[in-house]
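Peer 1: Under the working numbering, the first residue of the sequence shown is numbered 1024, with each subsequent residue one higher. Note that beta-carbon positions come from the ideal geometry of N, C-alpha and C, so glycine has one too. If you're wondering where the values come from, they're calculated on a predicted model, not measured in any experiment. Just passing along the structure, written as structure tokens.
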Amino acid sequence: MTGFGRGESGNTERTWVVEIRTVNHRFLDQRVVLPSAVAALEEQIKKTVAGQQDRGRVDISVTLRGETSGGSQLHLDLDLARQYHACLQEMNTELGLGVSIQISDLLTLRNIIAVQEQNPDIDEAWPLLKEALLAALADCACMREREGGSLKEELLQRLDNFAALVREIEAMVPEVLEQRQQELKNRITKLLEGVDVDPVRLAQEAAIMADKADVTEEVVRLASHIDQFRGFMESDESVGRRLDFLLQEFLREVNTLASKISNSAIAHLGVEMKNEIEKLREQVQNIE
């Protein structure tokens, strides 16, 4: 599910700011952007996020604020400057150049003034960064929970539509089987016209052929899958993958049902059931 969260934590010297954005994804895919000074903390950040989230693409942005927030500072190497100055003086004297040495001459030389990064200590930085990270995760979870409530309502509505189609087929099965049995009797009688056939035996064979078209078992299993789906929806655990697998079982039963019985009305209902399954599957991809 999509979500956004923000968290801050710091002291008098620096403040860590963590922002988290999540979007739908079948698996957990984390992308972390943080200052190079604390790049070593990336794995700890990912491990913390993975402890609270199973699926989704998660973008984590970490910034550091404060006077010592890892910014650049200039460092003057006076010892090196003295050595450069002594060398220039010696060169001036030996070559008889007769020129005065200016500060601009020294500034053109390397490493007298250098840029140094003020890096925070990793062991000291992690507790504050983790506090900001957990706050961002909690903030994001609240937003995802609100979205999850709306998603749950939509899924249950879709499931109700699917269950109604199953009940409609269940109500049609007895009549369809009776019709199927009579059609088989008529066809066999026509094929064996003029042949002396035991009517009891004929009825038995027609009943056996009709029984092969019985979809009662598929209807019962679908009803069981629907109840299981509802149970998962009330669970506090991560159920996204289980719901995805269960929908595969839905589709398997519908395909078996459609292949066992040749009836235009049931075939039409089978198409509608597959359509509802596809809509359910699209939304289940958003569930962790």
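Checking the sheet assignment: what are the DSSP bridge partners for Val1041?
Peer 2: Its beta-bridge partners are Gly1030, Val1085.
Peer 1: Look at the alpha carbon of Leu1057 and the alpha carbon of Ala1246, and state the distance between them as a whole number of angstroms.
Peer 2: 50 Å
Peer 1: Below 8 Å on the Cβ atoms is my guess for Asn1134 versus Asp1100; work out the distance and round it to an integer in Å.
Peer 2: Right, their Cβ atoms sit about 6 Å apart.
Peer 1: Terminal residues of the continuous beta strand (DSSP E) containing Asp1237?
Peer 2: Here Asp1237 belongs to no beta strand (DSSP E), and DSSP marks it neither H nor E.
Peer 1: In angstroms, rounded to a whole number, what distance separates the CA positions of Glu1031 and Gly1172?
Peer 2: When rounded, the distance between both Cα atoms is 27 Å.
Peer 1: To the nearest angstrom, report how far apart Ala1148 and Val1081 are at their CA atoms.
Peer 2: 22 Å
Peer 1: For Gly1171, name the three-state secondary structure that DSSP assigns.
Peer 2: Gly1171 carries a helical assignment under DSSP once its states are collapsed to helix, strand and coil.
Peer 1: Quick check: Arg1203 and Asn1278, are their CB atoms within less than 9 Å of each other?
Peer 2: no
Peer 1: Can you name the start and end residues of the beta strand (DSSP E) that Asp1102 belongs to?
Peer 2: Looking at the DSSP string, Asp1102 is not in any beta strand (DSSP E); the run it does join, the alpha helix (DSSP H), is 1101-1118.
Peer 1: Quick one: Cα of Gln1180 to Cα of Glu1301, how far?
Peer 2: Between Gln1180 and Glu1301, the C-alpha separation is close to 14 Å.
Peer 1: Name the DSSP bridge partner or partners of Arg1054?
Peer 2: Asp1082
Peer 1: What does DSSP give as the partner residues of His1098 in its beta bridges?
Peer 2: Ala1137
Peer 1: Have a look at the DSSP bridge pairing and note the partners of Val1046.
Peer 2: In DSSP, Val1046 forms a bridge with Arg1080.
Peer 1: Which value, in whole angstroms, describes the spacing of the CA atoms of Gln1067 and Ala1104?
Peer 2: In this model, Gln1067 and Ala1104 are separated by some 43 Å (Cα to Cα).
Peer 1: Give the straight-line distance between the Cα atoms of Phe1252 and Leu1064, rounded to the nearest whole angstrom.
Peer 2: 40 Å
Peer 1: Taking the alpha carbon of Ala1186 as the reference point, which residue from Gln1112, Lys1297, Lys1069 has its own alpha carbon closest?
Peer 2: Lys1297
Peer 1: Taking Cβ positions, are Gln1306 and Glu1206 nearer each other than 9 Å?
Peer 2: Their beta carbons are not under 9 Å apart, which means Gln1306 does not touch Glu1206 by this criterion.
Peer 1: Excluding sequence positions up to five away, which residues of its chain have a Cβ less than 7 Å from the Cβ of Arg1078?
Peer 2: These residues qualify, in order along the chain: His1048, Arg1049, Phe1050, Leu1051, Gly1263, Glu1311.
Peer 1: Using the three-state DSSP reduction, which class does Asp1144 fall into: helix, strand or coil?
Peer 2: coil
Peer 1: If we ignore side chains and look at the alpha-carbon of each, how far apart do Leu1130 and Glu1117 end up?
Peer 2: 22 Å
Peer 1: Within 10 angstroms of its Cβ, does Glu1042 collect 16 or more other Cβ (buried), or is it exposed?
Peer 2: buried
Peer 1: Is there a Cβ from chain B that is less than 9 Å from the Cβ of Glu1240?
Peer 2: In the structure shown, chain B cannot be found, because there is only a single protein chain.
Peer 1: Is it buried or exposed, Leu1266, if we count other Cβ atoms within 10 angstroms and call 16 or more buried?
Peer 2: buried
Peer 1: Please state the DSSP three-state secondary structure of Thr1279.
Peer 2: helix
Peer 1: Going by alpha carbons, who is nearest to Glu1036 out of Gln1075, Lys1213, Glu1260, Leu1087?
Peer 2: Shortest Cα-Cα distance from Glu1036 to any of Gln1075, Lys1213, Glu1260, Leu1087 involves Leu1087.
Peer 1: Please state if the CB of Val1040 and the CB of Val1072 are separated by a distance shorter than 9 Å.
Peer 2: Result no, Cβ atoms of Val1072 and Val1040 do not sit closer than 9 Å.
Peer 1: Given a cut-off of 9 Å, decide if Gly1293 and Leu1303 are closer than it, judged by their beta-carbon atoms.
Peer 2: no
Peer 1: By DSSP, does Thr1131 sit in helix, in strand, or in coil?
Peer 2: If DSSP states are grouped into helix, strand and coil, Thr1131 belongs with coil.
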